[in-house]
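Below: one structure, written as structure tokens.
Next comes the structure, spelled out in structure tokens:
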């Protein structure tokens, strides 16, 4: 993975620094209970930080830092024990604003794959890519392509030659008439499952597979099985030239709606009396499946199924991570999103 540019480093530093002092709460929880005092389907209830065991002074430090140092920031929300204890909007952000969440989209795509598995539209994460798009993997194709599975797509380890910040991404975006075909027919650089290589085109393949297996669009599937149960009433999602919703980015949601996905995963996929995503899928998705990269400042990051995994200040955490410093950070031990 490339070293981040300077402006992106500043944003990452802000979020991780905030995570460090936000974690210092009075009441860590050792076990997650599925029953809550309420569920935020119709909206979040608010509380003061101290009532939920947090120090409001630290939140004010974060607020001041954002105002003085991060002119592009849109919002900061903190959910503790199921209550919204901090909500602040900056620049042109607002509670009603829907913004593209860039690669945070990948974690939503992962959730939908899990739901499709639970409902029997997909058989297992070991299903092969060639089963869904045999027309693009022929006898003349590299033999390694026939070994690529859903698991390899989910963990960014399909082995394609790719640079998400280089010419391969630009060529795919701007010059390919068929994104699915172009992604599948990328040159193989490694054997599947061997090396982590961040690749937005493989996330797009997950969306195409979802659409093909469910015989509906990724957005319509999301509305029925994820958005409506969580009370997410509005969303937009960009499409490719063939009408597949983009699996790696392009989803537009509000900040409060992003917090709902974090809260769903904090509760092991359970929401107000029903399992939206299976607990086993949540656990697999947010556990390290492959070592991603190690940074001299930010430390080691693992990768699950389209979720980043990292231990911060002694606490296990996982996060959806999008361009320009977009995050959904979940810390189960502290009942924190």
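Numbering (the working numbering), first residue to last: 735 to 1071. C-beta atoms are modelled at their ideal positions from N, C-alpha and C, and glycine is treated no differently.
### Task
Could you name each continuous alpha helix (DSSP H) segment of 4 residues or more that falls completely within the region 949–1016, going from the start of the chain to the end?
Within the region 949–1016, the complete alpha helix (DSSP H) runs of at least 4 residues are 952–956, 989–1000.
### Query
CB-CB under 8 Å to residue 850, same chain, minus the five flanking residues each way: which ones, in chain order?
Around residue 850: 856, 944, 947, 948, 955.
### Task
Give the DSSP-derived three-state secondary structure of residue 917 in the structure shown.
Residue 917 falls in the helix class under three-state DSSP.
### Query
Identify the residues that DSSP records as bridge partners of residue 1050: which are they?
Residue 1050 pairs with 1045.
### Message
I believe residue 779 touches residue 965 by the beta-carbon criterion, under 8 Å. Please report the beta-carbon distance rounded to the nearest angstrom.
### Response
Not quite, the Cβ-Cβ distance comes to about 13 Å (not below 8 Å), so this is no contact.
### Query
Who are the near neighbours of residue 852 in its chain, counting only those whose CB is closer than 6 Å to its CB and skipping five residues on each side?
By the criterion of a C-beta distance shorter than 6 Å, residue 852 is surrounded in its chain by 1012, once the five residues flanking it on both sides are discounted.
### Query
What's the C-alpha gap between residue 819 and residue 772?
Taking the straight line joining both Cα atoms gives about 15 Å.
### Beta-bridge partners of residue 813, as assigned by DSSP
According to DSSP, which records beta bridges pairwise, residue 813 is partnered with 818.
### Message
Three or more C-beta pairs under 8 Å: does that hold for the region 1019–1027 against the region 962–980?
### Response
Here the region 1019–1027 makes no contact with the region 962–980; the two share fewer than three CB pairs at distances below 8 Å.
### Inter-stretch contact (C-beta, 8 Å, three-pair minimum) for the region 833–848 and the region 928–941
Judged by pairs of C-beta atoms under 8 Å, the region 833–848 touches the region 928–941, as three or more such pairs exist.
### Task
Starting from residue 1060, follow the beta strand (DSSP E) in both directions and report where the run begins and ends.
From DSSP, the beta strand (DSSP E) with residue 1060 extends over 1060–1064.
#### Entry: Neighbour-count burial assignment, residue 1071, 16 or more Cβ in a 10 Å radius
Counting Cβ neighbours within 10 Å, residue 1071 comes out buried, since at least 16 surround it.
### Query
How is residue 740 classed by DSSP in three states: helix, strand or coil?
Unreliable positioning characterises residue 740 in this predicted model, as indicated by a pLDDT of 41, which lies under 50. A coordinate reading is not provided.
### Task
Under 8 Å by Cβ, that's how I've got residue 845 and residue 995 pegged, so tell me the actual separation to the nearest angstrom.
Correct: roughly 7 Å between the Cβ atoms.
### Query
Since residue 1024 contacts residue 910 with CB under 8 Å, what's their CB separation in whole angstroms?
Their Cβ separation, rounded to whole angstroms, is 27 Å, which puts residue 1024 and residue 910 out of contact at 8 Å.
### Message
Using a 10 Å radius around the Cβ and a threshold of 16 neighbouring Cβ atoms, would you call residue 912 buried or exposed?
### Response
A residue is called buried once 16 or more other Cβ atoms fall within 10 Å of its Cβ, and residue 912, having fewer, is exposed.
#### Entry: residue 740 burial status per 10 Å Cβ neighbour count (16 or more: buried)
In this predicted model, residue 740 has a pLDDT of only 41, less than 50, meaning its place in the structure is not dependable enough to derive any value.
### Query
Once you ignore the five residues that flank residue 1062 on each side, which residues in its own chain have a CB closer than 8 Å to its CB?
Within the same chain, residue 1062 has close Cβ partners 838, 841, 992, 993, 995, 996, 1053, 1054, 1071.
### Message
Looking at the ligand ATP, does it come within less than 7 Å of residue 919, judged from the CB to the closest heavy atom?
### Response
This structure lacks the ligand ATP; in fact it carries no ligand of any kind.
### Straight-line Cα distance separating residue 809 from residue 827
Straight-line Cα distance between these residues: approximately 6 Å.
### Message
Taking a contact to mean a Cβ-Cβ separation below 8 Å, would you say residue 1015 touches residue 854 in this structure?
### Response
It is not a contact, given that the beta carbons lie outside the stated cut-off.
### Task
Would you tell me roughly how many angstroms separate the C-alpha atoms of residue 903 and residue 897, rounded to the nearest one?
Their backbone Cα atoms lie some 6 Å apart in a straight line.
### Query
So is residue 901 buried or exposed if we call it buried at 16+ other beta carbons inside 10 Å?
Exposed: under 16 other Cβ atoms inside 10 Å.
### Message
Quick check on DSSP: helix, strand or coil for residue 831?
### Response
Note: residue 831 maps to coil in three-state DSSP.
### Task
Please report how far the alpha carbon of residue 895 lies from the alpha carbon of residue 924, in whole angstroms.
If you take the alpha carbons of residue 895 and residue 924, they lie about 8 Å apart.
### Task
Since I believe residue 939 is in contact with residue 1039 (beta carbons under 8 Å), could you give me their beta-carbon distance rounded to a whole number of angstroms?
Contact flag wrong, Cβ pair sits at about 14 Å.
### Query
Closest to residue 835 by CA distance: which of 981, 1048, 1069, 1005 is it?
Proximity to residue 835 across 981, 1048, 1069, 1005 peaks at 981, based on C-alpha coordinates.
### Closest residue to residue 815 among 970, 1030, 831, 769 (Cα-Cα distance)
Closest by alpha carbon: 769.
### Message
Using only the alpha-carbon positions, how far apart do residue 922 and residue 893 sit?
### Response
Whole-angstrom Cα-Cα distance: 6 Å.
### Query
Cα separation between residue 987 and residue 873?
Straight-line Cα distance between these residues: approximately 42 Å.
### Message
Is it buried or exposed, residue 765, if we count other Cβ atoms within 10 angstroms and call 16 or more buried?
### Response
Low per-residue confidence applies at residue 765: pLDDT is 46, beneath 50, and the placement is therefore not dependable enough to give any value.
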